[in-house]
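In our numbering, the protein residues as written are 283 to 475.
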Amino acid sequence: MKHILFVCTGNTCRSPMAEGLLRQMARERGVDVDVRSAGVAASWGVPISRHAEGVLRDHSINDRLTSSPLDRDLVEWADLILTLTGSHKSHVLSYFPEAFERVYTLKEYVENDPEVLADLEELDSLTASAELSRALGEAVDATVRQRMIELRQRIPIFDISDPFGGSRDDYEATAAEIRTALDRLLDKLENIG
283 MKHILFVCTG NTCRSPMAEG LLRQMARERG VDVDVRSAGV AASWGVPISR
333 HAEGVLRDHS INDRLTSSPL DRDLVEWADL ILTLTGSHKS HVLSYFPEAF
383 ERVYTLKEYV ENDPEVLADL EELDSLTASA ELSRALGEAV DATVRQRMIE
433 LRQRIPIFDI SDPFGGSRDD YEATAAEIRT ALDRLLDKLE NIG
């Protein structure tokens, strides 16, 4: 069984919708997963937003979800940590750098375009080299900096839109965005066994 943790900001909108939707979708497809969610700025036990609860109820999901702050126990529990934005990913990595091989944005993890994947791999390599140079007190080569800029401009945005404070339609749109990514996630999980 794979343990999957979704991470957003307050754990009252996006990540609990992803948690509830994946739990149901995986059950329907026979994929064995255990799913939880947390927030980088969450408190314990806050109910999910009424619109998020309504969206889940419309999909016959009646889980009683409340917020949880991201902590070391959850990070250690997770085989895969999927954040809803790049800034959430950065937050997780800054507090839990040891988890770097298990942390992705949801959309990044399910990306399957070979050109985008190659760009991501090159950018990760260049970023690691640049960080090492900075740590050693060395200047980052200008051609490396320029290439990193070019790659960042080409790579798509992997953030899931934030419906917080929005209308029910905003939550529906975000849930649709999440469901599309979760379909691709389940395809990937089925392929890797």
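We put the CB at the ideal spot given by N, CA and C, even for glycine.
>> Let me check understanding here. Comparing Cα to Cα, which of 362, 369, 388, 393 lies closest to residue 499?
In response: The requested residue 499 is not part of the displayed model; the chain covers only 283 to 475.
> Of all the options 408, 297, 387, 402, which has the alpha carbon lying nearest to the alpha carbon of residue 422?
Replying inline: 408
> How many angstroms separate the CA atom of residue 284 from the CA atom of residue 318?
Replying inline: 11 angstroms
> Whose C-beta lies closer than 7 angstroms to the C-beta of residue 301 among residues of the same chain, with five residues either side of it excluded?
Replying inline: 288, 317, 318, 319, 347
>> Whole angstroms are fine: how far does the CA of residue 352 sit from the CA of residue 325?
In response: 9 angstroms
> Going by Cα to Cα distance, which pick from 308, 370, 417 is closest to residue 440?
Replying inline: 370
> Going straight from the alpha carbon of residue 457 to that of residue 415, what length do you get?
Replying inline: 41 angstroms
>> For residue 384, report the span of its beta strand (DSSP E) as first-last.
In response: No beta strand (DSSP E) holds residue 384; DSSP gives it neither H nor E.
> Any idea what DSSP makes of residue 319, helix, strand or coil?
Replying inline: strand
>> Buried or exposed, going by whether 16 or more other CB atoms sit within 10 Å of the CB of residue 387?
In response: buried
> Nearest CA to the CA of residue 471: which residue from 290, 307, 448?
Replying inline: 307
> By DSSP, does residue 285 sit in helix, in strand, or in coil?
Replying inline: strand
> How far does the beta strand (DSSP E) with residue 330 in it reach, from first residue to last?
Replying inline: No beta strand (DSSP E) contains residue 330, which DSSP labels as neither H nor E.
> Do you know offhand how far residue 310's Cα is from residue 419's?
Replying inline: 53 angstroms
>> Let me confirm a value: residue 286 is counted as buried when at least 16 other C-beta atoms fall within 10 Å, else exposed. Which label applies?
In response: buried
> Are residue 446 and residue 290 touching if we call contact CB-CB under 7 angstroms?
Replying inline: no
> With respect to the alpha helix (DSSP H) encompassing residue 399, which residues constitute its N-terminal and C-terminal limits?
Replying inline: 396-417
> Should residue 330 go down as buried or exposed, given a rule of 16 or more other Cβ atoms within 10 Å for buried?
Replying inline: buried
> From 385, 389, 428, 417, pick the residue whose C-alpha is nearest to that of residue 404; which is it?
Replying inline: 428
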